[in-house]
Structures are given as structure tokens and as C-alpha cells.
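In my numbering, the protein residues as written are 2 to 462.
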């Protein structure tokens, strides 16, 4: 079977294990237990949001090609336009890549921005620098780690109270990636990681949904397991002189681990088969692309994100990784990435709309950079910071429109250029986050939530 190109050396290096993150000093703490999350809720200051709005970020990690997604160039020379043709969408005059037919049918419900560009002063954009900029709005310095500044999700966890007190404000599916940590905001602003992929065979069980090793949600649903588990924890803590550490937050965590609210939000197995299939849950769908890295799991990750915002989670980031097509771009796009993305993206937009959630849920699909307009000798496209094409929906965004334009080769913006900071400002405003607040780093230096950018008002008028 033909193998999907795994990306450049930098991308493979950044795709390290969770243990690798800890050893590199990037995370400090790998994940959160429920007792940590409750402490975070109590310590975070209320934000100014009047409505309980949410955000889903579909992160096309690796950098999706603008030509093969939202900004086809059929009239460009072959070495720029590539192998694919554009197709018409539900909205007259708007065309997208032919391998996004389901998205074309819901074009009236989302908008495209074809003129996102990294700032020149941010220098050459690679994966690590791009991750940092699109999640934090800041470029990390030569002596800083990629997690030097807090991500949008950690800012949300810091400022906003939860819609549902038994759920975290910030969730990563399945695990943290570079640039998504809390930095100097501390471990209380870490995301809750599902830790496992909801598309894996068998029941979906969260390894992080525990108080201590062996004390799982499923075990707590059994009364005998609850009693035995709590007794064992108490004995262990008493023996170690740690009984005083069982504070109100931990006791509350014990209670909600057995509650319906927590279980139902993460229980993707409760979804009807028809809905799981609409997002892309079939044996054929998963086995066809065995060589395609994580692509089979994308679809159920996106469905879980919908369940979480429906329950009250404020920001969910879904890792849709491996778009780093330096080689075999067109085969990879046609056989793996585009069909899977098309399926779950269109399903999400339709599902949110039908449930009445699209007005309060903003959906962003983007990566850390675009890809080169000229195709390389390996039939791939390389990193390109000058231009990205992204999709946004919900939260009052007017669907069926295109913001900005790129040149004839898909290399640079020529109209209504926007920067990643503008996108972040749009998300922050939707969530009610105060971007004028300064937070002190570990050296006591003040940093604003966002020092550049303004909300993209053209999306709403």
C-alpha cells in the first residue's frame, strides 16, 4: 500500500511523544485530573462574556495547501495550479477544490478568507514558529521554548468560567501539541486531553478521567468500585501523611466523576450510528487509509468536539495532523486528507446548524502556514508563510462569502490581507475574552493577551 509522506524532519521532530514533551521541559505537567480542573475554575477570574459562546478549532497541522483547498488557481501555469480542478458551490461565483464536494454543498453556512499572511517581522515561518503564532499571537525568541507564551485555550481557561461546572473550559483532542500550553499561566490552565482517539476500536475510555491510577469513571459507576476505590485512596493518603491534601476540590471531583454530566459529554459511543457514519465512522472509511497516519481518526475527533461544546466546553482544539506534503501532495490530498476533512467538516457545520448551535459556536479550520505556489520536483509543496486560505463559520459569521484575494499564482495576498492575530482577535471577541489584560511571565515581564490584530468585521456584515 502506498504510504502517506510523513512530513519534513522538523514536523516529525515536533510530533514527539507526550513523554518527550515532559523531558524537553515544554509542558511541566502532561495533563489535568478533574480535581485540578475544579481548582482552575475557582481560581480563574470571570470574563466579560454575556453569552456562553464556544469555539472549535480544527487544526490542520502541517500546513494545508491553499491551491488544493479553498483557493484553486485553474488559470495558472501547470507548475502552480496542480492536478485538480475547481468545482462550483451552493453559492454562485464561489469555487473550491473538486475534492471538497460535501463542503461545497454547505458553502452558504461558512466563509473563506483567502488572504491570511504571516507578518514579515515574524521572519521565516516553519512548523514550530507557525504553531506558536497561530495559537498565541506571539513569536518565540531565540532562547525561548515553543511554549513560551500561553495559547488561546489557556487564556480562555484563565479568564472564563465554565458553562458546565463538571467540564473543563479547554479541551485538546487527542493530546497537546506544540504551542497549545499555558506557559507562565501555570498548570491550572492546561487543557484537558482526551489522551486517546475516539476512533480507536472498542469503547472510548478517557485515561485522564481519573483521580488516581485505577480509579476510572467506569469503575465509579459501580457502587462497590466507588467504595473500594475511595477507601484505598484514603488509606494510601493517610499512610503518606497526605490526608490534608484532600480538599474541597478533590472531594467535588470524586462526586462529579460519577455524575451523568461528565460521562455523557465524553461518551461518544452514545451517538446514534447514523450520526457517527455521517462524520465518517465506517469500517471501510477507516481501513482504506491505514497508511494515512491519523486521518481515519479525524472524523470522530470532530464529532466529539461537537458533543463537548454542546455540553458547555468553551474551546476545543482538534488535531487534524500530517498535512506536511513536501512529497506526493496530490495523491495524499485525493486519497486521504481531502475526503476525510470534507466528510467531517461538512458534517460538523450541518450538525451544529441543525442543533441550533451554530449561532454560538465559531468553527475555525486552518493550519500553521500555507504551501508554496510552485510544485517541487517531488510533486509536493513546501512551507509558505506568505499566504494561507482558511474557513470560518458560526458565531454570527455570514456564510457564503469570500474575504480577500490572492494573486494569480496563489503566492501572496492582493486584497484585504489579514494576519493570524486578526483571526485570534475574532475568536477572543466571540468568547468574551479581555485581550487588554497583561500577564506576567516567569521573569515578571508583562505580556498582553494579544498585542497585534483586530477582529475581522467583514465576516459579520
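Glycine residues also receive a C-beta, built at the ideal position from the N, C-alpha and C atoms.
Going by beta-carbon coordinates alone, are residue 132 and residue 66 separated by less than 7 angstroms? By one-based count along the chain shown, residue 132 stands at place 131. By one-based count along the chain shown, residue 66 stands at place 65. For residue 132 and residue 66, no; Cβs fall outside 7 angstroms.
Please report how far the alpha carbon of residue 99 lies from the alpha carbon of residue 447, in whole angstroms. Taking the first residue of the chain shown as position 1, residue 99 is located at position 98. Taking the first residue of the chain shown as position 1, residue 447 is located at position 446. In a straight line, the C-alpha of residue 99 is about 47 angstroms away from that of residue 447.
Beta-carbon proximity list for residue 45, same chain, < 6 angstroms, skipping 5 on both sides: As a position in the chain shown, residue 45 is number 44, starting the count at 1. Because the pLDDT at residue 45 is just 44, under 50, the model does not fix this residue reliably, and the point stays unresolved.
Residue 443, buried or exposed, once every other Cβ within 10 Å from all chains shown has been counted against 16: The residue given as residue 443 occupies position 442 in the chain shown. Around the CB of residue 443, fewer than 16 other CB atoms lie within 10 Å, so the residue is classed as exposed.
With burial defined as no fewer than 16 other Cβ atoms inside 10 Å of the residue's Cβ, what is the status of residue 352: buried or exposed? Locating residue 352 in the chain shown gives position 351, counting from the first residue. Buried: at least 16 other Cβ atoms inside 10 Å.
Which runs of the beta strand (DSSP E) fall wholly inside the region 102 to 165 and span at least 3 residues, in chain order? 111 to 117
Please state if the CB of residue 173 and the CB of residue 192 are separated by a distance shorter than 7 angstroms. Residue mapping note: residue 192 aligns to position 191 of the chain shown, counting from 1. Residue mapping note: residue 173 aligns to position 172 of the chain shown, counting from 1. Yes. Within cutoff.
Does the beta-carbon distance from residue 422 to residue 396 come in below 7 angstroms? Walking along the chain shown from the start, residue 422 turns up at place 421. Walking along the chain shown from the start, residue 396 turns up at place 395. No, the Cβ-Cβ distance between residue 422 and residue 396 is not below 7 angstroms.
Consult DSSP for residue 207 and reduce its assignment to one of helix, strand or coil. Along the chain shown, one-based indexing puts residue 207 at 206. Coil, per DSSP.
Taking just the CA atoms, how far does residue 93 sit from residue 147? As a position in the chain shown, residue 147 is number 146, starting the count at 1. As a position in the chain shown, residue 93 is number 92, starting the count at 1. Cα-Cα distance, rounded: 42 angstroms.
I believe residue 111 touches residue 350 by the beta-carbon criterion, under 8 angstroms. Please report the beta-carbon distance rounded to the nearest angstrom. Residue 111 sits at position 110 when you count from the first residue of the chain shown. Residue 350 sits at position 349 when you count from the first residue of the chain shown. Approximately 6 angstroms separates the beta-carbon atoms of residue 111 and residue 350; this is inside 8 angstroms, confirming the contact.
At which residues does the beta strand (DSSP E) containing residue 171 begin and terminate? Here residue 171 is taken as the residue at index 170 of the chain shown, counted from 1. Per DSSP, residue 171 belongs to the beta strand (DSSP E) from 171 to 174.
Is residue 267 helix, strand or coil by DSSP? Sequence index remark: in the chain shown, residue 267 carries index 266 (1-based). Residue state, collapsed to three classes: helix.
Going straight from the alpha carbon of residue 410 to that of residue 194, what length do you get? Taking the first residue of the chain shown as position 1, residue 410 is located at position 409. Taking the first residue of the chain shown as position 1, residue 194 is located at position 193. Roughly 40 angstroms between the two C-alpha positions.
Would you mind sorting residue 76 into buried or exposed? The rule is 16 or more other CB atoms within 10 Å of its CB. Along the chain shown, read from residue 1 onward, the residue named residue 76 stands at position 75. It is exposed - the Cβ of residue 76 has fewer than 16 other Cβ atoms within 10 Å.
Excluding the 5 residues preceding and the 5 following residue 72 in the sequence, name in chain order all residues of the same chain whose CB lies nearer than 7 angstroms to its CB. As a working mapping, residue 72 is identified with position 71 in the chain shown. Hits under 7 angstroms: 115, 390, 407 and 411.
For residue 371, which residues does DSSP report across the bridge? As a working mapping, residue 371 is identified with position 370 in the chain shown. Within the DSSP bridge table, the entry for residue 371 names 385 as partners.
Does the distance from the CB of residue 83 to the CB of residue 325 come in under 7 angstroms? Residue 83 sits at position 82 when you count from the first residue of the chain shown. Residue 325 sits at position 324 when you count from the first residue of the chain shown. Their beta carbons are not under 7 angstroms apart, which means residue 83 does not touch residue 325 by this criterion.
Who pairs with residue 310 in a beta bridge, going by DSSP? As a position in the chain shown, residue 310 is number 309, starting the count at 1. Beta-bridge pairing links residue 310 to no other residue.
Is residue 452 helix, strand or coil when you go by DSSP? Numbered from its first residue, the chain shown carries residue 452 at position 451. When DSSP states are grouped into helix, strand and coil, residue 452 belongs to the coil group.
Own chain partners of residue 445 with C-beta closer than 7 angstroms, once the 5 adjacent residues on each side are dropped: Locating residue 445 in the chain shown gives position 444, counting from the first residue. The answer is none, since no qualifying residue turns up.
Contact set for residue 382: own chain, Cβ-Cβ below 7 angstroms, skip 5 residues either direction: Start at 1 with the first residue of the chain shown, and residue 382 comes out as number 381. Excluding sequence neighbours, residue 382 sits near 66, 326, 330, 372, 373 and 376.
Between residue 345 and the rest of its own chain, which residues show a CB-CB distance below 7 angstroms, the 5 nearest in sequence each way excluded? Sequence index remark: in the chain shown, residue 345 carries index 344 (1-based). Cβ within range, chain order: 280, 281, 299, 300 and 303.
Would you give the residue range spanned by the beta strand (DSSP E) that residue 427 belongs to? For the purposes of this step, residue 427 is taken as the residue at position 426 of the chain shown. Careful: residue 427 lies outside any beta strand (DSSP E), inside the alpha helix (DSSP H) at 421 to 432.
Determine the DSSP secondary structure at residue 184, reduced to helix, strand or coil. On the chain shown, residue 184 is found 183 positions in, with the first residue counted as 1. Reduced to three states, the DSSP call for residue 184 is helix.
Which residue marks the beginning of the beta strand (DSSP E) containing residue 402, and which one marks its end? For this step, residue 402 is matched to residue 401 along the chain shown. Taken as a continuous stretch (DSSP letters only), the beta strand (DSSP E) holding residue 402 covers 402 to 404.
Taking only beta-carbon positions, decide if residue 462 is within less than 7 angstroms of chain B. This model lacks chain B altogether, as it is built from one protein chain only.
Assign residue 61 to buried or exposed, taking buried as 16 or more other Cβ atoms, counted over all protein chains shown, within 10 Å of its Cβ. Numbered from 1 along the chain shown, position 60 holds the residue referred to as residue 61. In summary, residue 61 is buried, with 16 or more beta-carbon neighbours lying within 10 Å of its beta-carbon over all protein chains present.
With a threshold of 16 other CB atoms inside 10 Å of the CB of residue 122, please say whether the residue is buried or exposed. Here residue 122 corresponds to residue number 121 of the chain shown, with the count starting at 1. Flag for residue 122 reads exposed.
Comparing alpha-carbon positions, which option in 130, 186, 416 and 341 lies nearest residue 200? As a working note, residue 200 is residue 199 in the chain shown. The shortest C-alpha separation from residue 200 is found at 341.
For residue 333 and residue 339, what's the separation of their Cα atoms in angstroms? Working through the chain shown from its first residue, we reach residue 333 at position 332. Working through the chain shown from its first residue, we reach residue 339 at position 338. Those two C-alpha atoms are separated by around 8 angstroms.
Does the Cβ of residue 274 have 16 or more other Cβ atoms within 10 Å, making it buried, or fewer, making it exposed? Residue 274 sits at position 273 when you count from the first residue of the chain shown. Answer is exposed; the Cβ neighbour count stays below 16.
Less than 7 angstroms between the C-beta atoms of residue 343 and residue 104, yes or no? Here residue 343 refers to the residue found at position 342 when the chain shown is read from its first residue. Here residue 104 refers to the residue found at position 103 when the chain shown is read from its first residue. In this structure, the beta-carbon distance from residue 343 to residue 104 falls below 7 angstroms.
Residue 400 beta carbon less than 7 angstroms from that of residue 109: In the chain shown, the residue the question calls residue 109 occupies position 108. In the chain shown, the residue the question calls residue 400 occupies position 399. Taking 7 angstroms as the Cβ cut-off, residue 109 and residue 400 qualify as a contacting pair.
To the nearest whole angstrom, what separates the beta carbons of residue 314 and residue 169, a pair I think is in contact under 8 angstroms? Within the chain shown, numbered from 1, the residue matching residue 314 stands at position 313. Within the chain shown, numbered from 1, the residue matching residue 169 stands at position 168. Yes, they are in contact, since the Cβ atoms of residue 314 and residue 169 sit about 7 angstroms apart, within 8 angstroms.
List the endpoints of the continuous beta strand (DSSP E) containing residue 87. By 1-based counting over the chain shown, the position of residue 87 is 86. Residue 87 -> beta strand (DSSP E) spans 87 to 89.
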